[in-house]
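Q: After the structure tokens below, expect a handful of questions from me.
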Amino acid sequence: QKEVEQDPGPLSVPEGAIVSLNCTYSNSAFQYFMWYRQYSRKGPELLMYTYSSGNKEDGRFTAQVDKSSKYISLFIRDSQPSDSATYLCAMSAGVSGKLTFGQGTILTVHP
Amino acid sequence: DTAVSQTPKYLVTQMGNDKSIKCEQNLGHDTMYWYKQDSKKFLKIMFSYNNKELIINETVPNRFSPKSPDKAHLNLHINSLELGDSAVYFCASSLRVGEQYFGPGTRLTVT
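Quick look at the structure:
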């Protein structure tokens, strides 16, 4: 079993929809939780960063962390075609800064 | 100005050859990383350096050797290339845990 599980999709939604992306994990030492977005043939870029449990909102994006269930989510409101990308969850226990990534979910938002 | 740059962008070479990939960051970060992304988009850490000191060395064949001449540069040398080394290699840098900035990637194809 992988340390971080993420449904690879693909996920296809109409423009304006609310998108929900999720990851589960098994390592209870993870304290830092991130979402990265990767466009085709580009490097990943950091979208959201959360330490420990709770919610964080940034514009149309909301990240949720539930450490008791070992479950994290990313919500995208009013999705746009420009949101079409692969979304990667990533986690770290800290110290060395090592990130463990999920497999990535491919999202397509069609006009 | 590009924050994290890698050269070359594409690398096509034959089995058995030796090749190097260079990475530079102008963000003033202390920590740099090398990741490998396979054909299924799974991103896995290979190495990490903090102020020129190796801090993460994952289970990677010893044909792969990182070198950090200073904290702004992290190069990756690969000896005796194999077909299975074909992947996209990403360099990244960070100032704090989880907040990593990725380069554009080097697409390595071994024939």
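From first to last, the protein sequence lines stand for chains A and B. Mapped onto the numbering used here, the consecutive letters of the first sequence carry residue numbers 415 to 525. Mapped onto the numbering used here, the consecutive letters of the second sequence carry residue numbers 562 to 672. We put the CB at the ideal spot given by N, CA and C, even for glycine.
Tell me which same chain residues have a C-beta within less than 7 Å of the C-beta of residue 462 of chain A, skipping the five on either side of it?
A: Taking the first residue of the first sequence as position 1, residue 462 of chain A is located at position 48. 448, 449, 470, 472, 475, 477, 488.
Q: To the nearest angstrom, report how far apart residue 601 of chain B and residue 613 of chain B are at their CA atoms.
A: Translated into positions along the second sequence, residue 601 of chain B becomes position 40. Translated into positions along the second sequence, residue 613 of chain B becomes position 52. Taking the straight line from one Cα to the other gives about 31 Å.
Q: Quick one: which chain B residues come within Cβ less than 8 Å of residue 438 of chain A?
A: Within the first sequence, the letter at position 24 stands for residue 438 of chain A. Neighbours of residue 438 of chain A on chain B: none; closest Cβ ~16 Å, over 8 Å.
Q: With DSSP as the reference, label residue 642 of chain B as helix, strand or coil.
A: What you label residue 642 of chain B is simply residue 81 of the second sequence in a count that begins at 1. In the structure shown, residue 642 of chain B sits in coil (DSSP, three-state: anything other than H, G, I, E or B).
Q: Which residues in chain A have a C-beta closer than 9 Å to the C-beta of residue 635 of chain B? List them in chain order.
A: In the second sequence, residue 635 of chain B corresponds to position 74, counting from 1. Chain A residues near residue 635 of chain B: none, gap ~14 Å exceeds 9 Å.
Q: Output needed for residue 573 of chain B: all residues of its chain with C-beta closer than 6 Å, excluding positions within five of it in sequence on either side, in chain order.
A: In the second sequence, residue 573 of chain B corresponds to position 12, counting from 1. Result list for residue 573 of chain B: 670, in chain order.
Q: Does the beta carbon of residue 592 of chain B come closer than 8 Å to any beta carbon on chain A?
A: Here the question's residue 592 of chain B lines up with position 31 in the second sequence. Judged by the 8 Å Cβ criterion, residue 592 of chain B is in contact with chain A.
Q: Among B:632, B:672, B:652, which one has its Cα closest to the Cα of residue 567 of chain B?
A: The residue labelled residue 567 of chain B in the question sits at position 6 within the second sequence. The residue with the shortest Cα to Cα distance from residue 567 of chain B is B:652.
Q: Of all the CB atoms in chain A, is at least one closer than 8 Å to the CB of residue 569 of chain B?
A: Taking the first residue of the second sequence as 1, we reach residue 569 of chain B at position 8. Among the residues facing chain A, residue 569 of chain B is not included, as its CB has no counterpart in that chain under 8 Å away.
Q: I'd like to know if residue 423 of chain A contacts chain B, where contact means its C-beta is closer than 8 Å to some C-beta of that chain.
A: Within the first sequence, the letter at position 9 stands for residue 423 of chain A. Answer no: the Cβ-Cβ gap between residue 423 of chain A and chain B never drops below 8 Å.
Q: Specify, as a first and last residue, the run of the beta strand (DSSP E) that residue 573 of chain B falls within.
A: The count along the second sequence starts at 1 and reaches residue 573 of chain B at position 12. Here the beta strand (DSSP E) through residue 573 of chain B covers 571–574.
Q: From the DSSP output, read off the bridge partner residues of residue 491 of chain A.
A: As a working mapping, residue 491 of chain A is identified with position 77 in the first sequence. Paired residues: none, contrary to the question.
Q: In the DSSP output, what is residue 429 of chain A paired with across the bridge?
A: For the purposes of this step, residue 429 of chain A is taken as residue 15 along the first sequence, with counting starting at 1. Answer is none; residue 429 of chain A lacks a bridge partner.
Q: Rounded to the nearest angstrom, what separates residue 569 of chain B and residue 595 of chain B at their Cα positions?
A: For this step, residue 569 of chain B is matched to residue 8 along the second sequence. For this step, residue 595 of chain B is matched to residue 34 along the second sequence. Rounded to the nearest angstrom, the two C-alpha atoms are 15 Å apart.
Q: Check whether the Cβ of residue 484 of chain A lies closer than 8 Å to any Cβ atom in chain B.
A: Counting from one through the first sequence, the residue named residue 484 of chain A turns up at place 70. Judged by the 8 Å Cβ criterion, residue 484 of chain A is not in contact with chain B.
Q: Per DSSP, which one or two residues make a beta bridge with residue 631 of chain B?
A: Numbered from 1 along the second sequence, position 70 holds the residue referred to as residue 631 of chain B. Answer is B:634.
Q: For residue 609 of chain B, write down the residues that DSSP places opposite it in a beta bridge.
A: Mapped onto the second sequence, residue 609 of chain B falls at position 48. BP columns for residue 609 of chain B point to B:594, B:617.
Q: Please report the straight-line C-alpha distance between residue 505 of chain A and residue 659 of chain B, rounded to a whole angstrom.
A: Taking the first sequence and counting its residues from 1, one reaches residue 505 of chain A at position 91. Taking the second sequence and counting its residues from 1, one reaches residue 659 of chain B at position 98. Their backbone Cα atoms lie some 7 Å apart in a straight line.
Q: Do residue 420 of chain A and residue 519 of chain A have their C-beta atoms within less than 8 Å of each other?
A: Along the first sequence, one-based indexing puts residue 420 of chain A at 6. Along the first sequence, one-based indexing puts residue 519 of chain A at 105. Yes, the pair counts as a contact, with Cβ atoms nearer than the cut-off.
Q: Please decide whether residue 604 of chain B counts as near chain A, where near means a Cβ-Cβ distance under 8 Å.
A: What you label residue 604 of chain B is simply residue 43 of the second sequence in a count that begins at 1. By this cut-off, residue 604 of chain B is an interface position.
Q: According to DSSP, is residue 497 of chain A helix, strand or coil?
A: If you number the first sequence from 1, residue 497 of chain A lands on position 83. It is helical.
Q: When burial is assigned at 16 or more other CB atoms within 10 Å of the CB, is residue 576 of chain B buried or exposed?
A: Walking along the second sequence from the start, residue 576 of chain B turns up at place 15. Counting Cβ neighbours within 10 Å, residue 576 of chain B comes out exposed, since fewer than 16 surround it.
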